[in-house]
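Student: Chain order of the listed sequences is A and B. In terms of my numbering, the first sequence opens at residue 1 and continues consecutively. In terms of my numbering, the second sequence opens at residue 298 and continues consecutively.
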Amino acid sequence: MNTATAHTYTYYPGCSQMATNKAYDISTRGVAHALGLELNELEDWNCCGATAYVAIREKQAFVLSARNLALAERSERDLVTPCSGCYVVLRKANKYMAENERLRSEIGQALAKGGMAYRGSVRVRHFLDVVVNDAGEDAIRGRATRSLAGLRVACYYGCQISRPFGEIDDEENPQSLDQLVQWLGADPVPFSLRAKCCGGLMMTTQPEVGRTLTGKILQLARESGADCVVTCCPLCQMNLEAYQHQVSAVMGRDCAIPVLYFTQLMGYAFGLEEDALALRDSLTPVEALLTEKVACP
Amino acid sequence: MITLTIDGKTVRTESGTTVLNAARGAAIEIPTLCHHESLPPYGSCRICLVEVTQRGRTRLVSSCTLPVAEGMEVNTKSEKVMRIRRMLAELFLARCPDSKVIRELAAQFNVTKSRFRKPVGEPSSIVGEEGCILCGMCVRLCDDVLKIGALSFEGRGGGRRVTTPFGEPSDVCMTCGACSSICPTGAIEHHRIWEHVPQRIPFEFEEGLTHRKPIYIPFAQAVPRVPVIDKHTCMHFKTNGCKVCEDNCEAKAIRHAQEDEMVELDVGAIVVATGFQLFDARQLVRYGYGRFDNVLSALEFERISHASGPTGGKVLKKDGTPPQSVAILHCIGSRDENYQKYCSRVCCMYSLKFAHLIREKTHADVYNFYIDMRAFGKGYEEFYKRLLAEGVYFIRGKAAEVTDAAESPEEKGKLIVIGEDTLLGLTRRIPVDMVILSTGIKPAQGAEELARLLSLSCTQGQFYLEKHPKLAPVDTASDGIFLAGACQGPKDIPDAVAQGAAAAAGALALIDGGKVVLEPITSEIDEKLCAGCKICIASCPYVAIEFDEEKKISRVIEELCKGCGTCVAACPSGAARQRNFEDVQIYAEIEGILHPETEPVLRE
Chain A
1 MNTATAHTYT YYPGCSQMAT NKAYDISTRG VAHALGLELN ELEDWNCCGA
51 TAYVAIREKQ AFVLSARNLA LAERSERDLV TPCSGCYVVL RKANKYMAEN
101 ERLRSEIGQA LAKGGMAYRG SVRVRHFLDV VVNDAGEDAI RGRATRSLAG
151 LRVACYYGCQ ISRPFGEIDD EENPQSLDQL VQWLGADPVP FSLRAKCCGG
201 LMMTTQPEVG RTLTGKILQL ARESGADCVV TCCPLCQMNL EAYQHQVSAV
251 MGRDCAIPVL YFTQLMGYAF GLEEDALALR DSLTPVEALL TEKVACP
Chain B
298 MITLTIDGKT VRTESGTTVL NAARGAAIEI PTLCHHESLP PYGSCRICLV
348 EVTQRGRTRL VSSCTLPVAE GMEVNTKSEK VMRIRRMLAE LFLARCPDSK
398 VIRELAAQFN VTKSRFRKPV GEPSSIVGEE GCILCGMCVR LCDDVLKIGA
448 LSFEGRGGGR RVTTPFGEPS DVCMTCGACS SICPTGAIEH HRIWEHVPQR
498 IPFEFEEGLT HRKPIYIPFA QAVPRVPVID KHTCMHFKTN GCKVCEDNCE
548 AKAIRHAQED EMVELDVGAI VVATGFQLFD ARQLVRYGYG RFDNVLSALE
598 FERISHASGP TGGKVLKKDG TPPQSVAILH CIGSRDENYQ KYCSRVCCMY
648 SLKFAHLIRE KTHADVYNFY IDMRAFGKGY EEFYKRLLAE GVYFIRGKAA
698 EVTDAAESPE EKGKLIVIGE DTLLGLTRRI PVDMVILSTG IKPAQGAEEL
748 ARLLSLSCTQ GQFYLEKHPK LAPVDTASDG IFLAGACQGP KDIPDAVAQG
798 AAAAAGALAL IDGGKVVLEP ITSEIDEKLC AGCKICIASC PYVAIEFDEE
848 KKISRVIEEL CKGCGTCVAA CPSGAARQRN FEDVQIYAEI EGILHPETEP
898 VLRE
């Protein structure tokens, strides 16, 4: 296997990266390019099945995932997504199909209607896993041209990146994002709520509950002395950055803090330009923070 | 023997002794800096100078290098001696104004400041701010005693200094830390000799809360109470040097050349009492063991609360202050579908003991998070009641998590235990200063290997299976092998002692009998039918079948056969049979069961 194929992946952006979280998609592609990781977008991809649908019509949701997996199988490469939701749903479908023969044959029938088949050979991976474990420390340290020294970062993993499988990191005390932030020269702060719930979809269905959960995270990040929160999930990003006014009102305290994707932080350290970072898409003053805190070379 | 006078006192000592040692033997104190029992006399610091009168001539000599002689008159505190010592102290103080040892020494001679300036020279590559007095103890220890040779003197006169060869990092250094531990001024900065810093050796018995030396007494109540040498950390086994302990041992009891021995014994009975190990709380990341300073395992707290432990029995947090509140989390690793499904039996009661000790020693609030209180033994329930009366809080519900993420001002700086109170139907957040994890009992390390060696059956993981839970609780399926203590299953001390006594009695009864009574049900092999295929030999779990090379058939050794019938089922030719348990009998039993008249009865 030569190096070109070793670092080539099938890319599954997921729906939120097409709209609300466009900045995540842009910065993911930017960082991948800078690190020499080739991302080939999966052709004709569809909804992963999404957390909400899985809870209501599991089998139908798995068929949606299986269609993506069947498409991805044609390239014989790892399927990489930056979205923790897609990551979990695709993995779950993959695992259940491998373990449950009846489910496998039912999904197989559904796929056959569309003239497709899935053998079960695709490995689903999160972009954070690819960056930390495939690109690795040397490549990342070597590529970082701007020093993030002195930038204090609260690494927020969300619930889905290590749960329920715990394969790329510890379920309750994940470390990979902290490691990555350290490689970039920034200081991760001790942050105990790193893998706690951001409120998820509760933010819209039970706003009080959702805002309280988000509020705890933002509040602790501020109290830990962090300058910003870094996320690796579009839903977490949305919840943490978009509702800071309402959350502050519920908490009775100011909860405002800049929130950005880990890919944006990486891209900034790599010296990428705005067209590969999309910092201006952010709802929090991320660009101002980085300009103020990070010395440009 | 030689007789001399020291400060007017007649002293008798052996020839070859130094004046310093003779004086110390007579309880006359002479100050020293460069002297050490493990090093040969050197006489570089001169602080031990004394005035010696011999054959009418008086002179000043360093007492650490001067051997005693008949009729010698020694004055250790004459005006002249004291004047010179004061001067020396002043010179040392000029060189090392920040060193505690030097300041204390100078204070003995009422010297608090020096008239001299700190000498200016090129600093040594390995000596820090404390300053070096060139006593050479580090060099002598490293080169002569330990035989490593990472340090040496360099330069002459005022330029003399201790350093590594060429002032470069010395890769022969073995990071033993001897140089920095012997240095009287604490001047050596170890990381400048070689990139590593000496690591202290964690004391296993104290759960790593204190440290030990490579030679140590395993624990205060050890039997026999003699020191042992840890081959992996003792420098003698790395450099072939040192042996300081051997030189210092008056009884000459230390032998570095001693080797491990394998002893083979022929015995009539074996009592297996291999004990247990504790569940490693690190596996349960949510409770923060290893992440938070004041989350302790049960055994760590046991040491802290023990009078001979690292804190002398005081219940203290890592920062040395007593806790205001403590949470004890029960069932860590026990009764847990993901780890050990069984109850470890001892944790409820030791948790109660801890709670009682904390109340008694600190008056801190104690919160127990428990699933069920299992106070099953004699006097145990009464103890539980007593704790309720002492004001210990009991919250029924397994703790979910220990976090430092405070949500209110009163939680700031505390560890917060989150758990469901199943009696109140509420989620509780209890801020505490210390958390004790009541870790459960696991089969000992190597239990599986021993089971294979002794053909023992196991239950609940690798706990050994007794022959019968009620009728033969200390016997095993292999005759002559008995079980005692927690190797058979989690149990507390009274139960383990009782079982130990029973196992000993069982072993004695077997040995003293002179005869062995066998069960009547054993296998036999019909010589006429046996084809000599040896399948039975491979299948026998008790190694009770041997092969007769002359007749080319298998033969059962009756004394070893337990009548399990494995060979009978395995034998392809039907040659293996079980006495008193023949196929005919089993067929009759099956027919009896399937008979129309008995069937309805069975159905009910």
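Using N, Cα and C, we set each Cβ at its ideal position, and we do this for glycine too.
(1) Does Ser192 (chain A) have its Cβ less than 7 Å from a Cβ in chain B?
(2) Can you find at least 3 beta carbon pairs, one from the stretch 494-508 of chain B and one from the stretch 440-450 of chain B, that sit closer than 8 Å?
(3) Using the rule of at least 16 other Cβ atoms within 10 Å of the residue's Cβ for burial, across every protein chain shown, is Arg356 (chain B) buried or exposed?
(4) For a quick check, are the C-beta atoms of Cys155 (chain A) and Pro188 (chain A) less than 7 Å apart?
(5) If you compare alpha carbons, which of A:Thr28, A:His245, A:Tyr268 is closest to Val286 (chain A)?
(6) Beta carbon of Ala70 (chain A), beta carbon of Leu79 (chain A): below 7 Å?
(7) Contact criterion: CB-CB distance below 7 Å. Does Asp170 (chain A) meet it with respect to chain B?
(8) Does the beta-carbon of Ser648 (chain B) have 16 or more other beta-carbons within 10 angstroms, so that it is buried, or is it exposed?
(9) Out of B:Arg383, B:Lys849, B:Val865, which one is the CA nearest neighbour of Ser836 (chain B)?
(10) From A:Tyr118, A:Ile26, A:Val250, pick the residue whose C-alpha is nearest to that of Leu64 (chain A); which is it?
(11) Within 10 angstroms of the Cβ of Gln882 (chain B), are there 16 or more other Cβ atoms? Answer buried if so, exposed if not.
(12) Where does Gly85 (chain A) sit, in a helix, a strand or coil, going by DSSP?
(13) Under the three-state reduction of DSSP, which class applies to Thr3 (chain A): helix, strand or coil?
(14) Hey, Cys345 (chain B) and Leu317 (chain B): beta-carbon distance below 7 Å or not?
(15) Against Asn173 (chain A), what residues of chain B qualify as contacts under a CB-to-CB distance less than 9 Å, listed in chain order?
(16) Going by DSSP, what residue range makes up the beta strand (DSSP E) through Tyr681 (chain B)?
(17) On the CB-based measure, 16 or more other CB atoms within 10 Å of its CB, does Ser605 (chain B) come out buried or exposed?
(18) Rounded to whole angstroms, what is the Cα-Cα separation between Arg382 (chain B) and Glu547 (chain B)?
(19) Using beta-carbon positions only, say whether Thr263 (chain A) and Ser27 (chain A) come within less than 7 Å of one another.
(20) At a Cβ cut of 8 Å, what residues of the stretch 623-657 of chain B count as close to chain A, listed as they run along the chain?
(21) Got a sec? Which residues, its chain only, sit under 7 Å from Lys540 (chain B) by beta carbon, not counting five neighbours each side?
(22) Could you tell me whether the Cβ atoms of Tyr639 (chain B) and Tyr664 (chain B) are closer together than 7 Å?
(23) For Pro838 (chain B) and Lys658 (chain B), I'd like the C-alpha separation in whole angstroms.
(24) Cys476 (chain B) and Ile430 (chain B): beta carbons closer than 7 Å?
(25) Do Ile257 (chain A) and Ala221 (chain A) have their C-beta atoms closer together than 7 Å?
(26) In chain order, what residues of the same chain have a beta carbon less than 8 Å from the beta carbon of Gln351 (chain B), not counting five sequence neighbours either side?
(27) Does the contact criterion of 3 or more C-beta pairs under 8 Å hold for the stretch 549-563 of chain B versus the stretch 716-735 of chain B?
(28) Quick one: using the 10 Å Cβ neighbour count with 16 as the cut-off for buried, is Ile303 (chain B) buried or exposed?
(29) With a Cβ-Cβ cutoff of 7 Å, do Ser851 (chain B) and Ile738 (chain B) count as a contact?
(30) In whole angstroms, give me the CA-to-CA distance for Ser705 (chain B) and Leu712 (chain B).
(31) Excluding the 5 residues preceding and the 5 following Glu241 (chain A) in the sequence, name in chain order all residues of the same chain whose CB lies nearer than 6 Å to its CB.
(32) Can you give me the Cβ contacts of Asn40 (chain A) inside the same chain, cut-off strictly under 8 Å, excluding the 5 residues immediately before and after it?
(33) Examine chain B for any beta-carbon lying closer than 7 Å to the beta-carbon of Leu201 (chain A), and answer yes or no.
(34) Answer yes or no: does any C-beta atom of chain B fall closer than 7 Å to that of Leu177 (chain A)?
(35) Looking at chain A, is there any beta carbon in it that lies within less than 7 Å of the beta carbon of Thr700 (chain B)?
(36) Does chain B have any CB closer than 7 Å to the CB of Leu220 (chain A)?
Tutor: Result, derived from the coordinates:
(1) Chain B, which has a Cβ nearer than 7 Å to the Cβ of Ser192 (chain A), makes this yes.
(2) The answer is no - the stretch 440-450 of chain B does not touch the stretch 494-508 of chain B, with fewer than three Cβ pairs under 8 Å.
(3) When all chains shown are included, Arg356 (chain B) counts as exposed.
(4) Yes. Within cutoff.
(5) With respect to the C-alpha of Val286 (chain A), the residue from A:Thr28, A:His245, A:Tyr268 having the closest C-alpha is A:Tyr268.
(6) No, Cβ-Cβ distance for Ala70 (chain A) and Leu79 (chain A) is not below 7 Å.
(7) The beta carbon of Asp170 (chain A) falls within 7 Å of a beta carbon belonging to chain B, placing the residue at that interface.
(8) Ser648 (chain B) comes out buried.
(9) Per the C-alpha coordinates, the member of B:Arg383, B:Lys849, B:Val865 positioned closest to Ser836 (chain B) is B:Val865.
(10) The shortest Cα separation from Leu64 (chain A) among A:Tyr118, A:Ile26, A:Val250 belongs to A:Tyr118.
(11) A residue is called buried when at least 16 other Cβ atoms come within 10 angstroms of its Cβ; Gln882 (chain B) does not meet this threshold and is exposed.
(12) DSSP places Gly85 (chain A) in helix when its eight states are reduced to three.
(13) Confidence is the limiting factor: at Thr3 (chain A) the pLDDT is only 45, short of 50, which leaves the residue's position unreliable, though a coordinate-based value still follows. In the structure shown, Thr3 (chain A) adopts helical secondary structure according to DSSP, grouped into three states.
(14) Going by C-beta atoms, Cys345 (chain B) is nearer than 7 Å to Leu317 (chain B).
(15) By Cβ distance, chain B contributes Val582, Arg583, Gly585, Arg588.
(16) Counting along the chain, no beta strand (DSSP E) covers Tyr681 (chain B); the unbroken alpha helix (DSSP H) around it starts and ends at 677-686.
(17) Per the 10 Å Cβ criterion, exposed.
(18) Cα atoms of Arg382 (chain B) and Glu547 (chain B): separation of roughly 33 Å, rounded to the nearest angstrom.
(19) Note that the C-beta distance between Thr263 (chain A) and Ser27 (chain A) is below 7 Å.
(20) Within the stretch 623-657 of chain B, no residue has a Cβ that lies closer than 8 Å to any Cβ of chain A.
(21) For Lys540 (chain B), where only same-chain residues beyond five positions count, the Cβ hits under 7 Å are His533, His553.
(22) No, they are not a contact pair.
(23) If I take the Cα positions, the gap works out to 55 Å.
(24) No, the Cβ-Cβ distance between Cys476 (chain B) and Ile430 (chain B) is not below 7 Å.
(25) With respect to the 7 Å criterion, Ile257 (chain A) and Ala221 (chain A) are classified as neighbours on the basis of their beta carbons.
(26) Excluding positions up to five away in sequence, the list reads Ala366, Gly368, Met369, Glu370.
(27) In this structure the stretch 549-563 of chain B does not touch the stretch 716-735 of chain B; the number of beta carbon pairs closer than 8 Å is below three.
(28) Its Cβ being crowded by 16 or more others within 10 Å, Ile303 (chain B) is buried.
(29) No, these two residues do not count as a Cβ contact at 7 Å.
(30) If I take the Cα positions, the gap works out to 12 Å.
(31) Cβ neighbours of Glu241 (chain A) beyond the five flanking positions: Val259, Leu283, Thr284.
(32) So the qualifying residues of the chain are Thr8, Tyr9, Thr10, Tyr11, Ser75, Arg77.
(33) Taking Cβ atoms only, chain B never reaches closer than 7 Å to Leu201 (chain A), which makes this a no.
(34) So no, Leu177 (chain A) is outside the interface.
(35) Closer than 7 Å to some Cβ of chain A, the Cβ of Thr700 (chain B) qualifies, so yes.
(36) Leu220 (chain A) counts as touching chain B.
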